[in-house]
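Asks: Residue numbers (this note's numbering): 37 to 110.
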């Protein structure tokens with residue numbers, strides 16, 4: 037009976053570790069995605085295209101950029 041309880045505890049521990057691992061992978065992906073957006077914004081700055089709507093070619097309003105500096109579209 038004790039061995040069965042230990043086995044159940046082990047399974048629960050493994051399930052918890054798997055859950056935490058998946059959560060950490062999702063957080064890491066979100067951070068990597070944000071880093072890509074930041075690097076793209078830096079590239080646009082270096083190319084003189086920062087703050088220009090990529091679809092229309094018109095300037096993105098300053099207040100929108102202040103709210104979200106990574107905007108590509110107004």
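Quick reminder that beta carbons are idealized off the backbone N, C-alpha and C, glycines included. The model shown is predicted, which means the values in this text are computed figures rather than measured ones.
Could you check how far apart the C-beta atoms of residue 110 and residue 96 are, in whole angstroms? I think they sit under 8 Å.
Replies: Within the chain shown, residue 110 is the residue found at index 74, counting from 1. Within the chain shown, residue 96 is the residue found at index 60, counting from 1. Going by Cβ atoms, the distance from residue 110 to residue 96 rounds to 5 Å, so yes, they are a contact pair.
Asks: Can we say the region 63 to 78 touches the region 88 to 106, given the rule of at least three CB pairs closer than 8 Å?
Replies: yes
Asks: Considering only their Cβ atoms, is the gap separating residue 102 from residue 87 smaller than 8 Å?
Replies: Within the chain shown, the letter at position 51 stands for residue 87. Within the chain shown, the letter at position 66 stands for residue 102. No, these two residues do not count as a Cβ contact at 8 Å.
Asks: I'd like the list of long-range same chain contacts for residue 89, defined as Cβ closer than 6 Å, with 5 residues on each side in sequence excluded.
Replies: For the purposes of this step, residue 89 is taken as residue 53 along the chain shown, with counting starting at 1. Only 96, 109 and 110 meet the Cβ criterion.
Asks: Tell me which residues share the same chain as residue 80 and place their Cβ nearer than 6 Å to its Cβ, disregarding the 5 neighbours each side in the sequence.
Replies: Here residue 80 is taken as the residue at index 44 of the chain shown, counted from 1. Counting only residues of its own chain and dropping the five nearest sequence neighbours on each side, residue 80 has a CB closer than 6 Å to the CB of 86.
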